[in-house]
Ligand code: SF4
Ligand code: SF4
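In the working numbering, the protein residues as written are 114 to 503.
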């Protein structure tokens, strides 16, 4: 691979957050302290070096920023206070923007106005759609609005909304998966000369599933306080349950029926709601207090995701309570508000914002494992493995 130096790379990366590595004298203490680094994936020192030298192609082909789970040990160890842990976080934002072919990721990471504008635009479109639906299907403002009409309106609303939910999910996952494909392309094709047998991709899929569901790498960090891992341990199963329900069991979940209290549909919903609230509140308190290293340098995108998650969950819980109490009219309005928060979160944050980490991280571990196994199978000398590892 031909390697060219791009002197503008450092300033390009700095737009995405803190990257004060001028003082770094490459002592390597950060790499030594990191519990997740190893010979074949050595960070954060090496990746900082790529940026300092303007090695953009090597940076784009590297999976290493995604192998860091931001415990902050390297930042507290660095003798020059260059904050290598935060530099890795900044690089993850930069890479997310590079993988995204639409350019929206770059805009929302670099500009608060763009992120808020994108979320508000989608939210307003959703409210307009809901308003049009109500005008044509059921007019909630009519004085003769009877309980029978309310029931009809509610039935129509949830019936139609199932189609709407599927469309929203299709849009989100189309962008998310196409960007994930670009990550694969940059790191395994364009930037790598390693020949990977296709069967290796299949046999290692278990790595992707294991890390995607358990986030066990958080637990492997040296950090004494495991609360970060516990939060993710709650969050990810909740996302997986929500994903499975919305993709495979939507008609069963999004229904006009109110099931009895012992029904699994309700308890799955309660578990997901508790996990989302626990994680979002924990994250917001942590970022507000700034006691931990990983919370010290929050950008606007770090705040948006937990705020939206909390608002979505609370508004969803309110819809559930109002329906349970039989308050149809207020349920309609609250549900419209819930959609105006949840849909922008799914359409903007999931494929373009901070939420992308949920798929890029396990994908990186999977691709790194595939790469290492391919190199071992080809019995390349250790120097070659190190050369290809970035
Ligand atoms: S510990 Fe600090 S100075 Fe040493 S290599 Fe890491 S970032 Fe550079
Ligand atoms: S933040 Fe933690 S996991 Fe990330 S490079 Fe530093 S020590 Fe390693």
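Beta carbons are placed, not taken as given, at the ideal position from N, Cα and C, and that holds for glycine.
Fair warning: this is a prediction, and the values are worked out from it, not measured in the lab.
{"Asked": "Exposure label - residue 212; buried when at least 16 CB within 10 Å", "Found": "buried"}
{"Asked": "Nearest neighbour of residue 133, chosen from 198, 169, 146 and 159 [CA to CA]", "Found": "198"}
{"Asked": "Heavy atom of ligand 1 within 6 Å of residue 130 beta-carbon", "Found": "no"}
{"Asked": "Distance cut-off 6 Å: residue 165 Cβ against heavy atoms of ligand 3", "Found": "This structure simply doesn't include ligand 3; it includes ligand 1 and ligand 2 instead."}
{"Asked": "Inter-residue CB distance, residue 389 and residue 351 (contact presumed, cutoff 8 Å)", "Found": "6 Å"}
{"Asked": "Shell residues, 7 Å Cβ cut-off relative to heavy atoms of ligand 1", "Found": "134, 136, 137, 138, 139, 140, 141, 142, 143, 144, 157, 158, 161, 187, 190, 191, 192, 193, 195 and 197"}
{"Asked": "Residue 141 classed as buried or exposed, judged by whether at least 16 other C-beta atoms fall within 10 angstroms", "Found": "exposed"}
{"Asked": "Within 7 Å, strictly: CB atoms of residue 466 and residue 414", "Found": "yes"}
{"Asked": "Separation of residue 286 from residue 434, as counted between CA atoms", "Found": "30 Å"}
{"Asked": "Endpoints, the alpha helix (DSSP H) within which residue 433 is located", "Found": "413 to 437"}
{"Asked": "Same chain, Cβ closer than 8 Å to residue 444, neighbours up to 5 away in sequence not counted", "Found": "267, 432, 435 and 436"}
{"Asked": "Nearest-angstrom Cα separation, counted from residue 158 out to residue 187", "Found": "10 Å"}
{"Asked": "Ordered list of alpha helix (DSSP H) runs contained in the region 358 to 400, each at least 4 residues", "Found": "363 to 366"}
{"Asked": "7 Å Cβ cutoff met for residue 341 and residue 475", "Found": "no"}
{"Asked": "Length of the line joining the Cα atoms of residue 189 and residue 381", "Found": "40 Å"}
{"Asked": "Short Cβ contact (7 Å threshold) for residue 245 with residue 449", "Found": "no"}
{"Asked": "Near ligand 2: residue 387 beta-carbon under 6 Å from a heavy atom", "Found": "no"}
{"Asked": "Residue 182 CB to nearest heavy atom of ligand 2 below 6 Å", "Found": "yes"}
{"Asked": "Simplified DSSP state of residue 135, which is helix, strand or coil", "Found": "coil"}
{"Asked": "Residue span of the alpha helix (DSSP H) that contains residue 169, given as start and end", "Found": "169 to 173"}
{"Asked": "Extent of the continuous alpha helix (DSSP H) to which residue 447 belongs", "Found": "441 to 457"}
{"Asked": "CA nearest to the CA of residue 509, picked from 288, 419 and 468", "Found": "With the chain represented from 114 up to 503, any question about residue 509 goes unanswered, as that position is not in the structure."}
{"Asked": "Where residue 306 sits in the DSSP three-state scheme", "Found": "coil"}
{"Asked": "Straight-line gap, residue 505 to residue 464 (C-alpha atoms, nearest Å)", "Found": "This structure leaves residue 505 out entirely; the chain is present only between 114 and 503."}
{"Asked": "Boundaries (first-last residue) of the alpha helix (DSSP H) holding residue 199", "Found": "197 to 212"}
{"Asked": "Cut-off 7 Å between Cβ atoms - residues of its own chain near residue 307, not counting five sequence neighbours on either side", "Found": "484, 487, 488 and 501"}
{"Asked": "Buried or exposed (CB count within 10 angstroms, at least 16 for buried), residue 121", "Found": "exposed"}
{"Asked": "Bounding residues of the alpha helix (DSSP H) (the contiguous stretch that carries residue 128)", "Found": "Premise fails: residue 128 is in no alpha helix (DSSP H) and is neither H nor E."}
{"Asked": "Alpha-carbon to alpha-carbon, residue 310 and residue 469", "Found": "27 Å"}
{"Asked": "Cα-Cα separation between residue 504 and residue 145, rounded to whole angstroms", "Found": "Residue 504 cannot be examined here, being either before or after the span of the chain that is shown, 114 to 503."}
{"Asked": "Nearest residue (CA-CA) to residue 439, options 176, 370 and 233", "Found": "370"}
{"Asked": "Test item: CB-CB of residue 412 and residue 348 under 7 Å", "Found": "no"}
{"Asked": "Cβ-heavy atom distance, residue 399 to ligand 2, below 6 Å", "Found": "no"}
{"Asked": "Proximity test, residue 149 beta-carbon vs ligand 2 heavy atom, cut-off 6 Å", "Found": "yes"}
{"Asked": "With 16 other Cβ atoms within 10 Å as the buried cut-off, status of residue 360", "Found": "exposed"}
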